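See structure below.
2 protein chains.
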Amino acid sequence: MNMRHLEIFLRVIEQGGFTKAALAMRLTQPTLSAAVRQLEESLETQLLNRLGREVVPTTAGRLLCGYARRIFALRQEALSELQALQAGEQGQLLLGGSTIPGTYILPQLVAGFSRDFPQIKVNLRLAATETIVSALREQLLELALVGGAVDDRRFDVIPCFGDELVVIVPLGHPWAGYENISEKELADVPMLLRERGSASRRAFELRLTEHGVDIPAERLIAEVGGNEALKQGVLAGLGVAVISKLAVVGEVNRRELVALPFAAGPLRRSFYLIQVKGFKLSVAAERFKALVLSRF
Amino acid sequence: MNMRHLEIFLRVIEQGGFTKAALAMRLTQPTLSAAVRQLEESLETQLLNRLGREVVPTTAGRLLCGYARRIFALRQEALSELQALQAGEQGQLLLGGSTIPGTYILPQLVAGFSRDFPQIKVNLRLAATETIVSALREQLLELALVGGAVDDRRFDVIPCFGDELVVIVPLGHPWAGYENISEKELADVPMLLRERGSASRRAFELRLTEHGVDIPAERLIAEVGGNEALKQGVLAGLGVAVISKLAVVGEVNRRELVALPFAAGPLRRSFYLIQVKGFKLSVAAERFKALVLSRF
DNA sequence: GCATATTCATCGATAAAACCTATAGCTAAT
DNA sequence: ATTAGCTATAGGTTTTATCGATGAATATGC
Numbered sequence: 113m114n115m116r117h118l119e120i121f122l123r124v125i126e127q128g129g130f131t132k133a134a135l136a137m138r139l140t141q142p143t144l145s146a147a148v149r150q151l152e153e154s155l156e157t158q159l160l161n162r163l164g165r166e167v168v169p170t171t172a173g174r175l176l177c178g179y180a181r182r183i184f185a186l187r188q189e190a191l192s193e194l195q196a197l198q199a200g201e202q203g204q205l206l207l208g209g210s211t212i213p214g215t216y217i218l219p220q221l222v223a224g225f226s227r228d229f230p231q232i233k234v235n236l237r238l239a240a241t242e243t244i245v246s247a248l249r250e251q252l253l254e255l256a257l258v259g260g261a262v263d264d265r266r267f268d269v270i271p272c273f274g275d276e277l278v279v280i281v282p283l284g285h286p287w288a289g290y291e292n293i294s295e296k297e298l299a300d301v302p303m304l305l306r307e308r309g310s311a312s313r314r315a316f317e318l319r320l321t322e323h324g325v326d327i328p329a330e331r332l333i334a335e336v337g338g339n340e341a342l343k344q345g346v347l348a349g350l351g352v353a354v355i356s357k358l359a360v361v362g363e364v365n366r367r368e369l370v371a372l373p374f375a376a377g378p379l380r381r382s383f384y385l386i387q388v389k390g391f392k393l394s395v396a397a398e399r400f401k402a403l404v405l406s407r408f
Numbered sequence: 113m114n115m116r117h118l119e120i121f122l123r124v125i126e127q128g129g130f131t132k133a134a135l136a137m138r139l140t141q142p143t144l145s146a147a148v149r150q151l152e153e154s155l156e157t158q159l160l161n162r163l164g165r166e167v168v169p170t171t172a173g174r175l176l177c178g179y180a181r182r183i184f185a186l187r188q189e190a191l192s193e194l195q196a197l198q199a200g201e202q203g204q205l206l207l208g209g210s211t212i213p214g215t216y217i218l219p220q221l222v223a224g225f226s227r228d229f230p231q232i233k234v235n236l237r238l239a240a241t242e243t244i245v246s247a248l249r250e251q252l253l254e255l256a257l258v259g260g261a262v263d264d265r266r267f268d269v270i271p272c273f274g275d276e277l278v279v280i281v282p283l284g285h286p287w288a289g290y291e292n293i294s295e296k297e298l299a300d301v302p303m304l305l306r307e308r309g310s311a312s313r314r315a316f317e318l319r320l321t322e323h324g325v326d327i328p329a330e331r332l333i334a335e336v337g338g339n340e341a342l343k344q345g346v347l348a349g350l351g352v353a354v355i356s357k358l359a360v361v362g363e364v365n366r367r368e369l370v371a372l373p374f375a376a377g378p379l380r381r382s383f384y385l386i387q388v389k390g391f392k393l394s395v396a397a398e399r400f401k402a403l404v405l406s407r408f
């Protein structure tokens, strides 16, 4: 029982004859005769009563007719939905972001996207880069903007946007009036750092190594698991910290914290737009990707 | 989009790969590759993400997958129902009968049939032979047992069962003790007859013509549109009547009426099992037909 | 890091089917 | 009885489905 046979069968019933149906389908009558015969043979049931003048379905034929109509309705519905999906008229965008880009970059982009495509539901998930990467592989996400470099050939990675790491100190700190801070000076003050594995910590440590600086363990006051906690620590006077400039724009403007660039030049780090290589993006995701790259 | 393509597509998703699905379907892997490619081309949408290790559906693929499953569920349901119909495990028997056979023959047959096949619903419709014939043509009925001969090549007519026409008189009537009544005697008494077109009236008039007897119009007290009314008329003493023996079995046994055969020999008339020629009977109807013929 | 194994895509050939033309056979209407 | 209209069948052609062999890409094991 294939679609073609069912379609021919339906048309013969609707048109009330093989010849009429053949005309309507732009086929010849023997083709329809053969198709219906094959259908009847495969079901081992007579489906149509061929009377001289008219062709009417048997009981079995009427039963099958109802099912065939439902099957074609489903097929039509599937085709319509696929087309709508293809045209981007509906759909869901499963988006991921690691902390910094997810907090300070993606929300604005998503806002713009939702304005342009209000019919697409956006689901933004924030988590550590590693978690995001796993979620991508498991198809829980389609696209993500993360702060950590992803060294995995199974992913397409596009550097995109970026950030500068700055040293933050509380307002009354001796460095508060400085223009910048040399890498060496950082070795001699109490410091708060993000946890190991954090992309910003890695970038910072790389910079120190480049300048031959090593932070003694006793200067490391705390390892903090989040940017908010890091800021709170600095505000409380526990020490200085290195953090994304984006994360302290508010505090700096409100003169609660002072952000100092590095003396050897700004410590930039890139964000990365990542997706699973070979994975076809949905139309929604494709559009979001285009938006991100155009804004960048 | 045909069933084969959908089936292959589903199996590839279920098995998680082309090769595995090919093995499960006893086909080769290139066949499945080609089928899915064609499906994708016809829909102008990528349905599967081919990663090195695994094959997973895209958003569009998941959407189609759901529809495909529903389509196959419908197909399966249709096949099951057709099989059940074929096996006679369910179904409806649309049966017709003209007055006499429908009242005195069919009910017993239907009772026996329902005992044998309780899962089949029987719908018995009683009407004049002409009405039954129309209903058969319009597929409102499949099979009927009628008293009138059907002279129409579009029908299969099987003579089946039969009846004897008798003269009935009330208990106190002068003829009540007679063995039989000659055709000539009938011309001289008040008579009640069924309406013109009734099969029993036709049979009776044919017999009179054969014996050169003609009933004068003044002897015809009434034309009555039903066998019950005919009996009531005779019971009321309006006259004598000719009626199916089957219709007066009760009254004769209760000694309310006396039934007299014709002197020239019993006036038999046949009933006919009719169906539209070329019309495939349902399994239920086929079984009923077999039952009728076996009881006959 | 390199060979091996696994997997999907592609190509050419063949088997199967879908389809067409011509025609026979049947029914219904003139 | 003849004709018109319809379906079934036969035989041949085109299209589609399938297979076997092979290549390219990716993961696995040493």
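So the sequence lines, in the order shown, correspond to chains A and B. For the record, in the first sequence the residue sitting at position 101 is 213 according to this note's numbering, with numbers rising by one throughout. For the record, in the second sequence the residue sitting at position 277 is 389 according to this note's numbering, with numbers rising by one throughout. Glycine residues also receive a C-beta, built at the ideal position from the N, C-alpha and C atoms. Nothing here was measured: the structure is a model prediction, and the numbers come from that model.
| Item | Value |
| --- | --- |
| Short of 9 Å Cβ to Cβ, which residues in the segment 317-338 of chain B face chain A? | none |
| Let me check understanding here. Comparing Cα to Cα, which of R331/B, A299/B, A334/B and L332/B lies closest to R319/B? | A299/B |
| Nearest-angstrom Cα distance between A240/B and G209/B? | 8 Å |
| List the residues of chain A whose Cβ lies closer than 9 Å to the Cβ of T157/B, in chain order. | L194, Q195, L197, Q198 and K392 |
| Buried or exposed for N339/B, please, with buried defined as at least 16 other CB atoms from any protein chain shown within 10 angstroms of its CB. | buried |
| Nearest-angstrom Cα distance between L207/A and L236/A? | 5 Å |
| Where DSSP assigns a beta bridge to Y384/B, which residues make up the other side? | V258/B and P271/B |
| Rounding to the nearest angstrom, what Cα-Cα distance links S356/B and H285/B in this structure? | 19 Å |
| Report the rounded CA-to-CA distance for E297/B versus V352/B, giving the unit in angstroms. | 11 Å |
| Measuring alpha carbon to alpha carbon, tell me which residue in I232/A, L191/A, I125/A and G214/A is nearest G200/A. | I232/A |
| Give a yes or no on whether the C-beta atoms belonging to I212/B and A359/B are separated by under 8 Å. | yes |
| Taking the alpha carbon of E126/A as the point to measure from, which residue in L163/A, V346/A and R174/A has its own alpha carbon closest? | R174/A |
| Mind checking who P169/A pairs with in its DSSP beta bridge? | L160/A |
| Quick test of the definition: if touching needs 3 or more C-beta pairs under 8 Å, does the segment 158-167 of chain B touch the segment 129-147 of chain A? | no |
| DSSP three-state call for A353/B: helix, strand or coil? | strand |
| Just verifying my parser: in three-state terms, what is the DSSP assignment at I217/A? | coil |
| Hey, is the segment 267-280 of chain B in contact with the segment 366-377 of chain B, meaning 3+ C-beta pairs nearer than 8 Å? | yes |
| From the beta carbon of N235/A, is the nearest beta carbon of chain B less than 8 Å away? | no |
| Ignoring anything shorter than 3 residues, give me the beta strand (DSSP E) runs that lie fully in the segment 320-352 of chain B, in order along the chain. | 332-336 |
| Taking 8 Å as the CB-CB cut-off, is A239/B touching chain A? | no |
| On the DSSP bridge assignment, give the partners of Q204/A in chain order. | K233/A |
| For a contact defined as C-beta to C-beta under 7 Å, what are the partners of Q127/A on chain B? | Within chain B, no residue comes near Q127/A; the closest Cβ sits about 17 Å away, beyond 7 Å. |
| Tell me whether F374/B sits in a helix, a strand or coil according to DSSP, three-state version. | strand |
| In chain A, what lies closer than 9 Å to N114/B by C-beta? | N114, M115 and R116 |
| Given that a residue counts as buried once 16 or more other Cβ atoms are within 10 Å of its Cβ, and exposed if not, what is V361/A? | exposed |
| What do you get for P282/A, buried or exposed, if any count of 16 or more other CB atoms within 10 angstroms of its CB means buried? | buried |
| Mind listing the chain B neighbours of Q251/A? Cutoff is C-beta to C-beta under 8 Å, in chain order. | V168 |
| Smallest Cα separation from T464/A: which of R407/A, F400/A, F383/A and A402/A? | Because residue 464/A is not part of the residues shown, which for chain A are 113 to 408, the question remains open. |
| DSSP three-state call for L144/A: helix, strand or coil? | helix |
| Is it true that the CB of Q158/B sits closer than 8 Å to the CB of A180/B? | no |
| Smallest Cα separation from M303/A: which of Y290/A, R314/A, T321/A and P328/A? | P328/A |
| Using 8 Å as the limit for Cβ to Cβ distance, is Y384/B near chain A? | no |
| Which whole-angstrom value is the C-beta distance of L221/A and L403/A, which I expect to be below 8 Å? | 6 Å |
| Grouping DSSP H, G and I as helix and E and B as strand, with all else coil, what is L252/A? | coil |
| Who are the neighbours of G209/B on chain A, taking C-beta pairs under 9 Å? | Under the 9 Å cutoff, chain A gives no residues; its nearest Cβ is about 20 Å from G209/B. |
| Are the C-beta of A402/B and some C-beta of chain A separated by less than 8 Å? | no |
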